[in-house]
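**Q** 602 is the number of the first residue of the sequence shown in my numbering; add one for each residue after it.
Backbone N, C-alpha and C define an ideal beta-carbon position, used for all residues, glycine too.
This one's a predicted model, so the numbers in the text were calculated from it and none came from an experiment.
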Amino acid sequence: MLFANFQKPTVIQSISWPIALSGRDMVSIAKTGSGKTFAFILPAIVHTISQPPRGHQKSPSVLVLLPTRELAQQVEEVAKDYCRVTDLSITCLFGGAPKAAQARDLERGVDIIIATPGRLMDFLEIGKTDLRRCTYLVLDEADRMLDMGFEPQIRKVVSQIRPDRQTLMFSATWPKDVRKLAMDFLTDAAHLNVGSLELSANHNITQIVEIIDESNKQQRLMAILSDIMNKEPMSTPTDNYKGNAWRNNSQVRISRSSDGRFEDCKTIIFVETKRKADDLTRWMRRDGWPALCIHGDKGQSERDWALSEFRSGKTPILLATDVAARGLGKLLYLRCFESIICFLGLSEFGGWTTCCTRKFIDKGFICYGFSCHTTQLPQLDYKVTHLRIQSYVNLNSDVDDIKYVINFDYSNNSEDYVHRIGRTGRRDKTGVAYTFFTYANAPKAKDLIKVLEEANQSIPPELHQMAKDNFNGGRG
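#1: Enumerate in chain order the residues of its own chain whose CB-to-CB distance from Ala907 is below 6 Å, with the five nearest sequence positions on each side excluded.
#2: Here's the rule: buried if 16 or more other CB atoms are within 10 angstroms of the residue's CB, otherwise exposed. What is Ser651?
#3: Nearest to Asn803 by CA position, among Ser1059, Tyr1040, Ser635, is which residue?
#4: Tell me whether Asp963 sits in a helix, a strand or coil according to DSSP, three-state version.
#5: Using 8 Å as the threshold, is the C-beta distance between Ile869 and Arg1024 below it?
#6: Quick check on Glu742: does DSSP put it in helix, strand or coil?
#7: Taking Asp554 as the reference, give the member of Gly696, Met1067, Thr1039, Glu678 with the closest Cα.
#8: For Met1067, is the classification buried or exposed, using 16 other Cβ atoms within 10 angstroms of its Cβ as the cut-off for buried?
#9: Assuming Ser801 and Ala1056 form a contact by the criterion Cβ under 8 Å, report the distance between their Cβ atoms to the nearest whole angstrom.
#10: Please state if the CB of Val665 and the CB of Ile758 are separated by a distance shorter than 8 Å.
#11: So if DSSP puts Val663 in a beta bridge, which residue, or which two residues, is it bridged to?
#12: Counting only runs of 4+ residues fully inside the region 608–665, write out the alpha helix (DSSP H) ranges in chain order.
#13: How is the alpha helix (DSSP H) around Val679 delimited, first residue to last?
#14: Using only the alpha-carbon positions, how far apart do Met749 and Ala743 sit?
#15: Is Asn1008 buried or exposed, if buried means 16 or more other CB atoms sit within 10 Å of its CB?
#16: Starting from His1108, trace the beta strand (DSSP E) in both directions and tell me its first and last residue.
#17: What do you get for Glu903, buried or exposed, if any count of 16 or more other CB atoms within 10 angstroms of its CB means buried?
#18: Any chance the CB of Pro661 is under 7 Å from a heavy atom of the ligand ATP?
#19: Does the region 642–659 come close enough to the region 813–824 that 3 or more CB-CB pairs lie under 8 Å?
#20: Considering only their Cβ atoms, is the gap separating Ile613 from Val795 smaller than 8 Å?
#21: Cys693 and Ile715 - do their beta-carbons sit closer together than 8 Å?
#22: Within 10 angstroms of its Cβ, does His1020 collect 16 or more other Cβ (buried), or is it exposed?
#23: Rounded to whole angstroms, what's the CA-CA distance from Ala680 to Ile691? Just pull it up for me.
#24: Rounded C-beta distance between Pro668 and Thr717? I'm assuming under 8 Å.
#25: Measure the alpha-carbon distance for Glu1063 versus Asp828 and round it to whole angstroms.
#26: For Asn1071 and Ala1046, which I take to be in contact (beta-carbon distance under 8 Å), what is that distance rounded to the nearest angstrom?
#27: Throw me the rounded Cβ distance for the Ser660 and Leu732 pair, which I believe falls under 8 Å.
#28: Quick check on DSSP: helix, strand or coil for Leu1064?
#29: Under three-state DSSP, which class holds Asn794?
#30: So, is Gly952 buried or exposed, given that buried needs 16 or more other C-beta atoms within 10 angstroms?
#31: Would you report the Cα separation of Asp1002 and Lys1030, rounded to the nearest angstrom?
#32: Can you tell me whether Glu708 is buried or exposed, with buried defined as 16 or more other CB within 10 angstroms of its CB?
#33: Would you report the Cα separation of Thr611 and Ile918, rounded to the nearest angstrom?
#34: Please confirm whether Ala878 and Leu826 have their CB atoms less than 8 Å apart.
#35: Helix, strand or coil for Gln761? Go by DSSP, reduced to three states.
#36: Among Gln754, Gly710, Leu689, whose alpha-carbon lies nearest the alpha-carbon of Arg720?
Here it is in structure tokens:
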């Protein structure tokens, strides 16, 4: 396990902790990579410890719902280390894995369940568990769960949880369907936002959009990868459509470290279909490129192995469908707890001392401290409960050193585009995202332009023309 010293909370953690620990419902809108997993895990542990002993009851105190098994496993890794030192039990429920082991955990009874909606409903329907004791509900990646069609299952699950529960909803975007869900499930919620409420990409990412014919995509992909692996200046799009402009791997010198790992060139390539992911990976490996792929039809062990190879740097190119747009692996690790203390402030967090001061000014709540951010949250009238941690928290990020994202196929919508490119530029690092945009994608040009404009990115004139032509065509 590789550890990196935790120096200070992120913005979303600084704002979320006092609200979540107060017992209040909360909606948090934050970009991918903002540290929101840690924002709800710490309050979840505190909440669970404060509940009456579970005894022989099987029902959990905490339920976290997420869209994919990768994200579920990632959150479980965060929580497991906390649970180990606080003597809490946890299980992770997701499809694509045998039910037997998951069912045994439920039969023994658990304090915390991390689950995808479909697999959880399977167990609820056969009576393997119930949610009568659940008083802390987290809906993580709410926008993604709705995009994937999980709303019916989410509503069925929530209908089985007591109405006086605490509910936390986290989302990267704030569309109408997510707002409706929040209105139905949350009561008097605090609304927190880090960044714009409009769809926005991480400003640490350089977005390069190339207008291209479908038939030229592979050729251009090889040119970009050759440049990445050789650490040469990026070639311009017009240089690579003439003759044999790209070099196959037999002519490419790829930079490796002394232990055989690739340096500073981790790249995710997003494609539209599982078949294309397999075909393109096979074609690239045949030519010697260090590439693997993951998608929903891959077995769990194969996906775990591919992610491990990618995370370690042994295989720096990962092809994926949108299964990898969010959540690629382990996120956070905790060394140890000393004690849980209720007080107005946070004391001794990783050797870094600060405090959170409550002040009411002009009917507003000012939260000072944490990562030196000052945020006004209107009408918050509550006590603040904090967690005191001895020693320090260590961070091993969810593949946070991805340098490049290549959208070989453009995504179904601009929301998915933002989440795809959000795999790079994490933890305040910079990244580069290439996007191949064909004339078949023209109906999506207007939305893409909005994302590029918001992030002050260069916009190809052809993209503007596409948006104009598509608008005129629609009007005609």
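**A** The structure says:
#1: Leu893, Ile895
#2: exposed
#3: Ser635
#4: Here the model assigns Asp963 a pLDDT of 28, short of 50, so the residue's position is not dependable and the matter cannot be decided.
#5: yes
#6: coil
#7: Limits of the chain in this structure are 602 at one end and 1077 at the other, which puts residue 554 out of reach.
#8: Residue environment: Met1067 is assigned as buried (16 or more neighbouring CB atoms within 10 Å of its CB, all protein chains considered).
#9: 7 Å
#10: According to the sequence provided, residue 758 is Val. The question's Ile does not apply to it. No.
#11: Ile713, Tyr737
#12: 612–623, 637–650
#13: 670–687
#14: 10 Å
#15: So Asn1008 counts as buried.
#16: Past the edges of the chain, shown from 602 to 1077, lies residue 1108, and the structure says nothing about it.
#17: When all chains shown are included, Glu903 counts as exposed.
#18: As for the ligand ATP, it is missing from this structure, which has no ligand bound.
#19: no
#20: yes
#21: By the CB criterion at 8 Å, Ile715 and Cys693 fall inside the cutoff.
#22: buried
#23: 8 Å
#24: 7 Å
#25: 24 Å
#26: 6 Å
#27: 6 Å
#28: helix
#29: strand
#30: In this prediction, Gly952 has a pLDDT of 29, which is less than 50 and means its spatial position is unreliable; what the coordinates show is noted afterwards. Taking all protein chains shown into account, Gly952 has fewer than 16 neighbouring C-beta atoms within 10 Å of its C-beta and is therefore exposed.
#31: 8 Å
#32: exposed
#33: 29 Å
#34: With contacts defined by Cβ atoms closer than 8 Å, Ala878 and Leu826 do not form a contacting pair.
#35: coil
#36: Nearest neighbour of Arg720 by Cα position, chosen from Gln754, Gly710, Leu689, turns out to be Gln754.
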